[in-house]
Each structure stands twice: as C-alpha cells, then as structure tokens.
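Heads up, the thing below is written out as structure tokens.
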Amino acid sequence: LVWGEKGLGVSVVDGSHVALLSATIADECFEMYEVEPVEIGLELGKMRDLLTLAGPSDLVEMDYDEAVGAINVRVGEVHRILRGVDTSTMDNPNLPQLDFQSKATIDSEKLSRALRAAKFVGELVDLSMDKNQMTVSVTVEAGEGVNVRFESGELSELSCASPTHSTYSLQFLDPLTRKLAGGLTNEVTLEFQDKYPLRLTWMSNEGGAKWTYFLAPRVMNDP
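Quick note on numbering: UniProt numbering labels position 205 of the sequence shown as 205, and the sequence is numbered without any gaps.
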C-alpha cells in the first residue's frame with residue numbers, strides 16, 4: 001500500500017506471477033483522509049478476511065503506527081492490529097508498459113455473462129477482435145462450445161488495426177467475473193493481442209478509483 005497526499009496506490013501480484021492488479025484511489029473516495037506519505041506491506045489474506053465483516057453501511061477505519069510498524073483496523077465494533085511486512089523483502093510488481101493495437105470497451109454485465117458462460121464448458125477462453133466485432137469463445141474436444149459475439153454497435157469503443165486473438169485462463173478471470181456481475185463498474189476496457197497479456201481497465205467510485213488488471217496469456221505450443 002502506497003499512501004500519498006492525494007490518494008492510495010495498491011499493487012498485488014499472485015504467487016505464480018500470472019495475474020497483477022493495480023489500483024489508484026483518490027483521496028476524495030474516503031470519508032476522511034489524513035496521511036503523511038508512507039509505504040506499507042500487508043498480508044492480503046488477513047486484510048481480506050477482516051473486510052468480510054463489513055456491512056454495506058459500515059466504515060472501515062485504518063491508522064498506521066509507525067513506531068511498531070502496525071496498522072490498526074476498525075470494522076464496526078471490531079478492532080484488529082495487523083503487523084506490517086517489510087517492503088524491502090517484497091517483490092514490488094511493476095505494471096507492464098505495453099502498446100496494444102486492439103481495444104474494446106463493453107458493458108460490464110455483458111462481459112461478465114459471456115465469461116461465465118465460457119466457464120461452463122472450459123478452463124481457457126479465446127478472445128478475438130477485428131474492426132467489426134469482439135468475440136468470447138470456448139471450444140472443447142467433443143465439439144461443445146460457447147461463442148459470444150459483440151458487434152461494434154454493442155460496444156462503447158472498438159479499435160483494431162488488424163484481426164487478432166489470444167487465449168487466457170478462466171481460473172484467474174472467474175473471481176473478477178463475479179465482481180463484475182455484482183456491479184463493480186459500468187464498463188470495462190479490454191486490450192489484447194496474440195501472445196500478449198490481457199489488460200482490463202475500469203473506473204469505480206464515480207471515477208475516483210482507477211483499476212488495472214493484467215493476465216498473462218496461455219501460449220499454446222504448436223505440435
């Protein structure tokens with residue numbers, strides 16, 4: 001967690017370095033925001049478990065005790081102290097700097113529905129795009145499959161220099177898919193191309209928070 005004068009920056013990478021999530025949350029997204037710039041490492045699982053206790057109207061209060069390197073977290077009547085992790089021992093993930101030649105912005109519920117349908121029949125999803133459409137598809141050996149096509153008129157944005165496609169793991173996309181179905185955001189922008197990571201970006205908190213999710217491609221070796 002990187003607490004700055006104007007907001008919070010968060011970067012998380014999974015243990016296998018397949019997926020990376022980064023967020024910048026502006027100070028106006030908080031009920032109260034009074035900080036001096038500081039960088040804090042945390043065990044994500046402990047914080048996640050604590051936040052599950054919060055109800056829709058509960059405020060989460062956090063304050064950092066630099067003297068002991070711990071964060072005091074209050075959720076309703078629950079108070080817990082979380083020990084910080086030495087950031088010098090952590091693998092600080094950097095966002096890949098990539099230029100994509102294809103980009104589409106889609107309603108988040110439509111994307112969620114397509115990915116959930118894909119998960120019914122397979123573990124890998126093929127994403128493809130050309131200047132007229134974007135397609136989400138899965139095909140298995142028995143011939144069973146799912147193919148969801150979004151024409152340009154169904155997309156808020158579509159730009160594609162040349163037809164492209166790539167394959168990604170639904171195991172990593174599934175948790176995000178569920179969040180999208182729960183109203184995480186209104187629209188999601190997808191950027192991908194052959195053998196490139198998938199980059200998803202979206203806004204929340206009335207534009208005050210920006211999220212970026214990278215997922216490594218599943219590269220299929222030719223026989």
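Think of the CB as a built atom: it goes at the ideal place given N, C-alpha and C, for glycine as much as any other residue. Keep in mind that this is a model prediction, so the values were computed, not measured.
Indicate whether the contact test is met: 3 or more Cβ pairs, each with one atom in the segment 89 to 104 and one in the segment 52 to 61, closer than 8 Å.
no
Any chance the segment 102 to 121 sits against the segment 32 to 43, with 3 or more Cβ pairs inside 8 Å?
Cβ pair count under 8 Å is below three, so no.
Smallest Cα separation from THR105: which of THR89, GLY183, GLU123, SER152?
Walking along the sequence shown from the start, residue 105 turns up at place 105. Residue SER152 is the option with its Cα nearest to THR105.
For VAL10, which of helix, strand or coil comes out of DSSP?
Here residue 10 is taken as the residue at index 10 of the sequence shown, counted from 1. Here VAL10 sits in strand by DSSP.
Do ALA26 and GLY7 have their C-beta atoms within less than 7 Å of each other?
The residue you call residue 26 lines up with position 26 of the sequence shown. The residue you call residue 7 lines up with position 7 of the sequence shown. Between ALA26 and GLY7, the C-beta spacing is below 7 Å.
Could you tell me whether the Cβ atoms of GLU144 and VAL121 are closer together than 7 Å?
Translated into the one-based positions of the sequence shown, residue 144 becomes position 144. Translated into the one-based positions of the sequence shown, residue 121 becomes position 121. Yes, they are a contact pair.
Quick check on this structure: which residue in LEU215, ASN186, PHE192, PRO197 has the alpha carbon closest to the alpha carbon of GLY207?
Residue 207 sits at position 207 when you count from the first residue of the sequence shown. Measuring from the Cα of GLY207, the nearest candidate turns out to be ASN186.
Mind checking which residues open and close the beta strand (DSSP E) that includes THR135?
As a working note, residue 135 is residue 135 in the sequence shown. Note, THR135: beta strand (DSSP E), 133 to 139.
Three-state secondary structure (DSSP) at LEU53?
Along the sequence shown, one-based indexing puts residue 53 at 53. Residue state, collapsed to three classes: coil.
Would you say PHE192 and LEU127 are within 7 Å of each other, going by their C-beta atoms?
Here the question's residue 192 lines up with position 192 in the sequence shown. Here the question's residue 127 lines up with position 127 in the sequence shown. In this structure, LEU127 lies closer than 7 Å to PHE192 by Cβ.
Ranges of the beta strand (DSSP E) found wholly within the segment 82 to 167, counting only runs of at least 3:
102 to 107, 124 to 129, 133 to 139, 145 to 151, 157 to 160
Residues near LEU20 by beta carbon distance below 6 Å, same chain, minus five either side
Within the sequence shown, numbered from 1, the residue matching residue 20 stands at position 20. The beta carbon of LEU20 is closer than 6 Å to those of VAL13, PRO93, PHE214 in its chain, skipping five residues each way along the sequence.
Give, in chain order, every unbroken run of the beta strand (DSSP E) that is at least 3 residues long and sits entirely within the segment 192 to 217.
With a minimum length of 3 residues, the continuous beta strand (DSSP E) runs that stay inside the segment 192 to 217 are 198 to 204, 209 to 215.
Between the CA atoms of LYS131 and ASP194 - distance to the nearest angstrom:
Counting from one through the sequence shown, the residue named residue 194 turns up at place 194. Counting from one through the sequence shown, the residue named residue 131 turns up at place 131. Approximately 16 Å, taken between the alpha carbons.
Closest to LEU158 by C-alpha separation, out of ALA142, SER137, MET203, ASP107, would be which residue?
By one-based count along the sequence shown, residue 158 stands at place 158. When only C-alpha atoms are compared, the closest one is ASP107.
Under 7 Å between the Cβ atoms of LEU82 and VAL73?
Here residue 82 is taken as the residue at index 82 of the sequence shown, counted from 1. Here residue 73 is taken as the residue at index 73 of the sequence shown, counted from 1. Cβ distance < 7 Å, so LEU82 and VAL73 count as in contact.
Which of the three DSSP states is assigned to MET32 in this structure?
The residue you call residue 32 lines up with position 32 of the sequence shown. It is coil, neither helix nor strand.
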